[in-house]
């Protein structure tokens, strides 16, 4: 009985290491963001949304902001073309933003 316990522990440890090794690189292998990049993108999204909330021209509730690898995508609805342009301008001026994709629709 004494020999079975170390073998069982060794088998369990080996299985755990194999599982961790297989899952630790999944994000990179599937070309998804790393945890650090995700946190950076989330911070960029928050900064852009804060600028929208502080600006009287832009409705932060009507415009969605998503960020991937520093590229900000704006979507939703604007009251007019000035609001759409201001949202893009505020996003472009945000530190850390690499590019802006403006998919905001202007309501007729």
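In our numbering, the protein residues as written are -6 to 101.
The C-beta atom is built at its ideal place from N, Cα and C for all residues, glycine as well.
Roughly how many angstroms lie between the CA atoms of residue i and residue j, to the nearest whole one?
i: residue 70; j: residue 28; result: 31 Å
i: residue 101; j: residue 73; result: 8 Å
i: residue 91; j: residue 34; result: 11 Å
i: residue 99; j: residue 32; result: 31 Å
i: residue 30; j: residue 75; result: 32 Å
i: residue 42; j: residue 58; result: 7 Å
i: residue 37; j: residue 60; result: 7 Å
i: residue 52; j: residue 63; result: 22 Å
i: residue 68; j: residue 96; result: 5 Å
i: residue 45; j: residue 83; result: 7 Å
i: residue 87; j: residue 77; result: 16 Å
i: residue 50; j: residue 66; result: 19 Å
Per DSSP, what are the beta-bridge partners of residue i in this structure?
i: residue 96; result: 68
In its own chain, which residues sit with a C-beta less than 8 Å from the C-beta of residue i, not counting the 5 before and 5 after it?
i: residue 48; result: 79 and 83
Excluding the five sequence neighbours on either side, which residues of its own chain have a C-beta within less than 6 Å of the C-beta of residue i, listed in chain order?
i: residue 89; result: 37
Completely contained beta strand (DSSP E) runs for the region 38 to 86, where each covers 3 or more residues: 56 to 61 and 64 to 71
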